[in-house]
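Chains as they are written, first to last, in the numbering used here: chain F, 65 to 409; chain W, 119 to 537. A virtual CB, placed ideally from N, CA and C, is assigned to each residue, including glycine. Bear in mind the structure is a predicted one, so any value in this text is a computation, not a measurement. So the structure is just underneath, and the comments pick up after that.
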């Protein structure tokens, strides 16, 4: 059978020629990005309309500095970007299992080191980036992630947090916020959705004292690209927590993911910060503005009101629950203000 | 005029003689095999392998990246990542550790990654028990791995090196598990002859060479690995429209394993002067035997001793050690067993509610014979229970009695268990 001739398509692969030294400059100007960068994820994937995950991946890939291998945990992003014989990935990509993205990345990073040591790596460096959901990070994958961090593998781990097991159909995870409805934390006659609070995953990663930890949202995209680049450039493990609103699971319109990200930051439900080893916490972007001008801080209703998963909180009989959520958000925000080196004291 | 090379190419006096235990023999084999990544977690009786290997790393004797992972699940996961990136990868475990790896064993095999795993056979919990049986290995028999069982530490050394050669053969491209009996081999000193480093390097063809194939969307032949110059996706979602065909690739790959194991066994013989039967089965005194016992692992030594003793007394007995358990050598074992009157199948594991795992295979192998030997399954040695010569002899005497009477009273017997 004749081998098909290669045709130029809009679905261009992101190819890094061997033997070249790559150090792509960080671009933050949209026109320059459009002209000079190719995304790692290509159109045609089957993620839901309005999903934030591919936006996060696309923005993150604009920050890549050169040859990069991506590892994805089992989840929405994995199943919807690769259904054999198709793939949306323009760069080398691997999915192993649900709980082991960090361990898989550890193996890849070690292979790269061994090859470099023996003169078999045809590049100056290859970066390793993980994308994993909240289930694969907060819950089933936490052990592998902690191990990777403790061992110091030079891997950037990006959590896209849609706050429940969305791939299996909206079951609660360690990343689900308190009082959110999910199919395994339903709002019933006696229980008001999830009764437990959201696990402070980024702080857990800070506690590992790895070089770099940050939070991002796709709405604050310049902040996101900057932080991803810092995470890649950090020598050793880096962890980025990206909020990834899910219209199916959070029950909102497909046009609202970015607006919800803005409100998550404006209400201080999801503050933007980075933690640098040896320097500490720094607020960034909108969260720094709120710290400087507390009047900008919005009440939690502004975040909750757009989402069906919190609908029950707006009922008069549940005002106390909303108050409790507000108190939790305020407590976490105050704590962050106390810790952040650049917050006005 | 070409001069035929002497066999072995490396005469015994040029081989390095060391007194090591089975675990150390494996560690030295890995040291010589130009392994890029070792990811492992400690578990008795495997731990000595990673301890010795850590020393090689600490002393700069290897280029290997050693990942002291936080679990066996991550050990196999890291090996998958490393092998997908083009590295030669190794890990070792036992019992519960192997059970924890179970999910990723299937993934390693299905991604066709030539990882080598030393399984230092140990009983599974509960009750927790650190001693030898084969219940751990039998739990992975359907995972798509090639499984080899060794009899002694010399063979553990030889087979570990051979395993890389078998796994990376383009006809195979499957992960290989080398099984050695916990404590009986892992912790017992033995004289082991090792080949010089450069001979092993040459045998393996240097560092791992990644299999190349034509990829349509790249429009060229590329190495099947994670390569920024030739981006490929590994481990995609694969549903009812393709999954079955991919499983057929694994079925096909398994068919090539016996010939490759045989070739590698012969090549190793030319270098070292050592071979293990044809690489698949190691028969002893089977040709005219009325009673043949089949066995896996280190117990073969004891069985061989008893066969020798009984032969001296005039009993027509023999044994066959099964070295390659997956893929199971149905045709080969049928050829060895077909003339016997009675076969005793020794299993150091049991499938609860069924028989021992190798008994089921041998039953299947013999079904097509017109004149079938009688079969008895002997479950023995669970949790490290010893199987001394007098116990093996008792089994042979039972089997000889069956050969005489033609009557099998109990198809499954439990050898060495208190009533």
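Quiz prompt | Span of the beta strand (DSSP E) around residue 248 of chain F | solution = Here residue 248 of chain F is taken as the residue at index 184 of the first chain, counted from 1. No beta strand (DSSP E) contains residue 248 of chain F, which DSSP labels as neither H nor E.
Practice problem: For residue 159 of chain F, name the three-state secondary structure that DSSP assigns. | Solution: Within the first chain, the letter at position 95 stands for residue 159 of chain F. Three-state DSSP puts residue 159 of chain F in a strand.
Quiz prompt | Span separating the alpha-carbon of residue 241 of chain W from that of residue 80 of chain F | solution = What you label residue 241 of chain W is simply residue 123 of the second chain in a count that begins at 1. What you label residue 80 of chain F is simply residue 16 of the first chain in a count that begins at 1. Approximately 49 Å, taken between the alpha carbons.
Quiz item: List, in order along the chain, the chain F residues whose C-beta lies closer than 9 Å to that of residue 325 of chain W?
Solution: As a working note, residue 325 of chain W is residue 207 in the second chain. Going along chain F in sequence order, the residues near residue 325 of chain W (Cβ under 9 Å) are 179, 182 and 184.
Quiz prompt | Min CB distance residue 168 of chain F to chain W below 9 Å | solution = Here residue 168 of chain F refers to the residue found at position 104 of the first chain. Output row for residue 168 of chain F: interface = yes.
Practice problem: Output yes if chain W places a C-beta closer than 9 Å to the C-beta of residue 109 of chain F; else output no. | Solution: Counting from one through the first chain, the residue named residue 109 of chain F turns up at place 45. By this cut-off, residue 109 of chain F is not an interface position.
Quiz item: Under 9 Å between C-beta atoms, does residue 181 of chain W make it to chain F?
Solution: As a first step, residue 181 of chain W must be located in the second chain, where it is residue number 63. Yes, residue 181 of chain W counts as interfacial toward chain F.
Quiz prompt | For residue 352 of chain W and residue 202 of chain W, believed in contact at Cβ under 8 Å, the rounded distance | solution = Start at 1 with the first residue of the second chain, and residue 202 of chain W comes out as number 84. Start at 1 with the first residue of the second chain, and residue 352 of chain W comes out as number 234. That belief holds up - the Cβ atoms of residue 202 of chain W and residue 352 of chain W are roughly 5 Å apart, short of 8 Å.
Quiz item: Taking Cβ-Cβ distances shorter than 9 Å, what residues in chain W pair up with residue 245 of chain F?
Solution: Position 181 of the first chain, counting from 1, holds the residue named residue 245 of chain F. Residues of chain W whose Cβ lies closer than 9 Å to the Cβ of residue 245 of chain F do not exist; the shortest such Cβ separation is about 28 Å.
Self-check item: Min CB distance residue 82 of chain F to chain W below 9 Å
Solution: On the first chain, position 18 is the one that residue 82 of chain F refers to. Taking Cβ atoms only, chain W reaches closer than 9 Å to residue 82 of chain F, which makes this a yes.
Quiz prompt | N- and C-terminal bounds of the beta strand (DSSP E) containing residue 401 of chain W | solution = Looking up residue 401 of chain W in the second chain gives position 283. Per DSSP, residue 401 of chain W belongs to the beta strand (DSSP E) from 399-402.
Quiz prompt | Any chain F beta carbon closer than 9 Å to residue 130 of chain W | solution = Here the question's residue 130 of chain W lines up with position 12 in the second chain. Residue 130 of chain W has a beta carbon lying at 9 Å or more from every beta carbon in chain F.
Practice problem: Below 8 Å on the Cβ atoms is my guess for residue 342 of chain F versus residue 218 of chain F; work out the distance and round it to an integer in Å. | Solution: Within the first chain, the letter at position 278 stands for residue 342 of chain F. Within the first chain, the letter at position 154 stands for residue 218 of chain F. Here residue 342 of chain F is actually not in contact with residue 218 of chain F; their C-beta atoms are around 17 Å apart, not less than 8 Å.
Practice problem: Return yes when the Cβ of residue 150 of chain W is within less than 9 Å of the Cβ of residue 319 of chain W, no when it is not. | Solution: Taking the first residue of the second chain as position 1, residue 319 of chain W is located at position 201. Taking the first residue of the second chain as position 1, residue 150 of chain W is located at position 32. In contact: residue 319 of chain W and residue 150 of chain W (Cβ atoms closer than 9 Å).
Quiz item: For residue 390 of chain F, does the three-state DSSP call read helix, strand or coil?
Solution: Working through the first chain from its first residue, we reach residue 390 of chain F at position 326. If DSSP states are grouped into helix, strand and coil, residue 390 of chain F belongs with the helices.
Practice problem: Would you mind listing the beta strand (DSSP E) stretches within the region 70-152 of chain F that are 3+ residues and don't spill past its ends, in chain order? | Solution: 132-136
Quiz item: Quick one: Cα of residue 529 of chain W to Cα of residue 257 of chain F, how far?
Solution: Within the second chain, residue 529 of chain W is the residue found at index 411, counting from 1. Within the first chain, residue 257 of chain F is the residue found at index 193, counting from 1. Cα-Cα distance, rounded: 58 Å.
Quiz item: Does DSSP put residue 350 of chain F in a helix, in a strand, or in coil?
Solution: Looking up residue 350 of chain F in the first chain gives position 286. Residue 350 of chain F: helix per DSSP, three-state reduction.
Quiz item: In chain W, what lies closer than 8 Å to residue 210 of chain F by C-beta?
Solution: Counting from one through the first chain, the residue named residue 210 of chain F turns up at place 146. Result: 188.
Quiz item: Are the beta-carbon atoms belonging to residue 345 of chain W and residue 179 of chain F less than 9 Å from one another?
Solution: By one-based count along the second chain, residue 345 of chain W stands at place 227. By one-based count along the first chain, residue 179 of chain F stands at place 115. Not in contact: residue 345 of chain W and residue 179 of chain F (Cβ atoms no closer than 9 Å).
Quiz item: Where residue 215 of chain W and residue 188 of chain W are concerned, what is the direct C-alpha to C-alpha distance, given to the nearest angstrom?
Solution: Indexing the second chain from 1 puts residue 215 of chain W at position 97. Indexing the second chain from 1 puts residue 188 of chain W at position 70. Taken atom to atom, the span from the alpha-carbon of residue 215 of chain W to that of residue 188 of chain W is near 11 Å.
Self-check item: Alpha-carbon to alpha-carbon, residue 99 of chain F and residue 335 of chain W
Solution: Position 217 of the second chain, counted from the first residue, corresponds to residue 335 of chain W. Position 35 of the first chain, counted from the first residue, corresponds to residue 99 of chain F. Those two C-alpha atoms are separated by around 24 Å.
Self-check item: CA-to-CA distance, residue 262 of chain W to residue 373 of chain W, given in whole angstroms
Solution: Here the question's residue 373 of chain W lines up with position 255 in the second chain. Here the question's residue 262 of chain W lines up with position 144 in the second chain. Their Cα atoms are separated by approximately 12 Å.
Quiz item: Grouping DSSP H, G and I as helix and E and B as strand, with all else coil, what is residue 233 of chain F?
Solution: As a working note, residue 233 of chain F is residue 169 in the first chain. If DSSP states are grouped into helix, strand and coil, residue 233 of chain F belongs with coil.
Self-check item: Minimum C-alpha distance to residue 356 of chain F - residue among F:181, F:330, F:373 and F:377
Solution: Residue 356 of chain F sits at position 292 when you count from the first residue of the first chain. The option with the nearest alpha carbon to residue 356 of chain F is F:330.
Exercise. Please go through the same chain and pick out, in chain order, the residues whose beta-carbon is closer than 8 Å to the beta-carbon of residue 371 of chain W, but skip the five residues on each side of it.
Key: Taking the second chain and counting its residues from 1, one reaches residue 371 of chain W at position 253. 230, 289, 290, 291 and 292.
Quiz item: Could you give the C-beta distance for residue 466 of chain W and residue 414 of chain W, rounded to a whole number, given that I count them as a contact under 8 Å?
Solution: Translated into positions along the second chain, residue 466 of chain W becomes position 348. Translated into positions along the second chain, residue 414 of chain W becomes position 296. The Cβ separation is near 7 Å, so the contact holds.
Self-check item: Coarse secondary structure for residue 521 of chain W, derived from DSSP in three states
Solution: Numbered from its first residue, the second chain carries residue 521 of chain W at position 403. Helix at residue 521 of chain W.
Exercise. Using the Cα positions of residue 134 of chain F and residue 227 of chain W, report the straight-line distance between them to the nearest angstrom.
Key: Locating residue 134 of chain F in the first chain gives position 70, counting from the first residue. Locating residue 227 of chain W in the second chain gives position 109, counting from the first residue. Residue 134 of chain F and residue 227 of chain W: Cα-Cα distance of roughly 21 Å.
Practice problem: Under 8 Å by Cβ, that's how I've got residue 514 of chain W and residue 435 of chain W pegged, so tell me the actual separation to the nearest angstrom. | Solution: Numbered from 1 along the second chain, position 396 holds the residue referred to as residue 514 of chain W. Numbered from 1 along the second chain, position 317 holds the residue referred to as residue 435 of chain W. In this structure residue 514 of chain W touches residue 435 of chain W by the C-beta definition: roughly 6 Å separates them, less than 8 Å.
Quiz item: Roughly how many angstroms separate the alpha carbons of residue 444 of chain W and residue 125 of chain F, rounded to a whole number?
Solution: Taking the first residue of the second chain as position 1, residue 444 of chain W is located at position 326. Taking the first residue of the first chain as position 1, residue 125 of chain F is located at position 61. Distance between the alpha carbons of residue 444 of chain W and residue 125 of chain F is about 43 Å.
Quiz item: What do you get for residue 244 of chain W, buried or exposed, if any count of 16 or more other CB atoms within 10 angstroms of its CB means buried?
Solution: Along the second chain, one-based indexing puts residue 244 of chain W at 126. Exposed, since its Cβ has fewer than 16 Cβ neighbours within 10 Å.
Quiz item: Checking contacts by CB at 9 Å: is residue 519 of chain W closer than that to chain F?
Solution: Within the second chain, numbered from 1, the residue matching residue 519 of chain W stands at position 401. Answer no: the Cβ-Cβ gap between residue 519 of chain W and chain F never drops below 9 Å.
Exercise. Find out if the Cβ-Cβ distance for the pair residue 217 of chain W, residue 207 of chain W is shorter than 9 Å.
Key: The residue given as residue 217 of chain W occupies position 99 in the second chain. The residue given as residue 207 of chain W occupies position 89 in the second chain. Not in contact: residue 217 of chain W and residue 207 of chain W (Cβ atoms no closer than 9 Å).
Quiz item: Which residues share a DSSP beta bridge with residue 444 of chain W?
Solution: Here the question's residue 444 of chain W lines up with position 326 in the second chain. Its beta-bridge partners are W:265.
Quiz prompt | Under 8 Å by beta carbon: chain W residues contacting residue 303 of chain F | solution = Along the first chain, one-based indexing puts residue 303 of chain F at 239. The contacting residues do not exist; residue 303 of chain F stays about 16 Å from chain W at best.
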